[in-house]
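Here is the structure we will look at.
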Amino acid sequence: MVRQGELVDEQLLDQAADRLRRAEHVCVLTGAGVSAESGVPTFRGAHGLWKGFRAEQLATPEAFASDPPLVWKFYNWRRELLADVRPNPGHTALARMETILPRFDLITQNVDGLHQAAGSRNVIELHGNLWHVRCVACSYQRQVVGEKLPAEPRCPHCGDWLRPGVVWFGELLPTDALDAARRATDACDVMLVVGTSAVVQPAALMADWARQHGAAVIEINPEATPLSSRATICLPGASGQVLPRLLDRLQPRADSPGTG
Ligand code: BJW
Ligand code: ZN
């Protein structure tokens, strides 16, 4: 494991860029930290997520069953906040990498849709999407991108509660997303893990799936995580700064031979 100082050293970036440049298949796993510089609060941190609640208190089927209006207040607050945020240079750099590198899969735990807004195409959403709602009782579901929902949204078909189309603790991840993530981690030769505390399963295991198949793991995070000691290279810093510097090293230079 290579970790150094507070600032990401040029040599470390060169090493990481070299791994990426030589890779035939790159897989990325992102978490809330990649959206932090867009102004989206992370889940675990000094200030908690919302009014002092922890994710484990609100993002559960039990919380919703016992107090749906409270849980909807939390999600409507987040949806309102998201309506005004834009992708940051970290999201944009990942979208650009997808167009440069031969094979590129982006797995995200985020539900904010900012990777897609930045132009990423091949996005695997492990924990659903905040702009999706579905009925708890019937098969009704709908995309509600940018829409303001009532404080207590109900199903237009059966009148039961609508719920956010996200994955709560204790719930299974969507099978297609989990299968796609497994295929990507098993096949990649470099895995980039960006802005996740690496504590929520099964996402937290994915870098190990990749390592078991021989992939190098590059972590980008201002803080050490439970994954750091097993990563091949740690780039300690904010993704909105580190990813563009990595991208810069992957782009063909205008003045290099053969680029006109
Ligand atoms: C920056 C930065 C900058 C800051 N640049 N970085 C095995 C053992 C024990 C428990 C379990 C287990 N397997 C499953 C479980 C249960 C549970 C679990 O993992 N619990 C743990 C807490 C222990 N998992 C589940 O229940 C999952 N389901 C499942 O496994 O089903 C099968 C099963 C069920 C039950 C039992 C056994 C098996 C479902 C998990 C669903 C998670 N859902 C949430 C909410 C989504 C909806 C919503 O948004 O409201 O997903 S919780 C929340 O955490 C959200 C996130 O996607 C997820 C991960 O958080 P993330 O992204 O890592 O964010 P943070 O805030 O934790 O970290 C931010 C990081 O960014 C930090 O490191 C910062 O340093 C960094 N950072 N600024 C770069 N500028
Ligand atoms: Zn219904």
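In our numbering, the protein residues as written are 32 to 291. No residue lacks a Cβ here, since even glycine has one placed at the ideal position from N, Cα and C. Predicted model only: the values in this text are computed from it and were never measured.
Bridge-paired residues (DSSP) for residue i
i, result
"valine 248", "Met222"
"glutamate 156", "Thr139"
"proline 84", "It should be pointed out that residue 84 corresponds to phenylalanine in this sequence rather than to proline. In DSSP, phenylalanine 84 forms a bridge with Trp81."
"tryptophan 192", "Arg185"
"histidine 163", "Gln174"
"valine 197", "Gly159"
Cα-Cα separation, residue i to residue j
i, j, result
"serine 69", "aspartate 191", "35 Å"
"leucine 278", "alanine 182", "42 Å"
"leucine 44", "glutamine 172", "44 Å"
"aspartate 67", "histidine 56", "It should be pointed out that residue 67 corresponds to alanine in this sequence rather than to aspartate. Their Cα atoms are separated by approximately 27 Å."
"valine 225", "alanine 238", "11 Å"
"arginine 109", "proline 100", "14 Å"
"lysine 82", "threonine 130", "40 Å"
"alanine 255", "histidine 122", "21 Å"
"arginine 261", "threonine 216", "16 Å"
"glutamine 25", "glycine 150", "Here the chain has residues from 32 to 291 only, and residue 25 is not among them."
"histidine 244", "alanine 218", "7 Å"
Integer Cβ distance of residue i from residue j, believed to fall under 8 Å
i, j, result
"valine 59", "leucine 137", "5 Å"
"leucine 113", "leucine 180", "Going by Cβ atoms, the distance from leucine 113 to leucine 180 rounds to 13 Å, so no, they are not a contact pair."
"proline 257", "alanine 229", "5 Å"
"phenylalanine 200", "threonine 91", "5 Å"
Proximal residues to residue i (C-beta, below 8 Å), its chain only, five neighbours per side dropped
i, result
"glutamine 140", "Leu60, Thr61, Gly62, Ala63, Leu157, His158, Thr227, Val231 and Ala234"
"proline 184", "Trp103, Val164, Trp192 and Leu193"
"isoleucine 155", "Asp136, Leu137, Ile138, Thr139, Ala208, Ala211, Ala212 and Ala215"
Contacting residues, own chain, Cβ-Cβ under 7 Å from residue i (five flanking each side not counted)
i, result
"alanine 47", "Ile249, Ile264, Leu266 and Leu277"
"tryptophan 127", "For the sequence presented, residue 127 should be read as arginine rather than tryptophan. Hits under 7 Å: Leu278."
Own chain, CB closer than 6 Å to residue i, minus 5 neighbours either side, in chain order
i, result
"asparagine 119", "Glu68, Ser69 and Gly271"
"alanine 168", "Cys189 and Asp191"
Alpha helix (DSSP H) segment containing residue i, residue limits
i, result
"threonine 263", "Note, threonine 263: premise wrong, no alpha helix (DSSP H); not H, not E."
"histidine 65", "Looking at the sequence itself, residue 65 is valine, so the reference to histidine does not match. Valine 65 -> alpha helix (DSSP H) spans 64-67."
First and last residue of the uninterrupted beta strand (DSSP E) at residue i
i, result
"leucine 60", "57-61"
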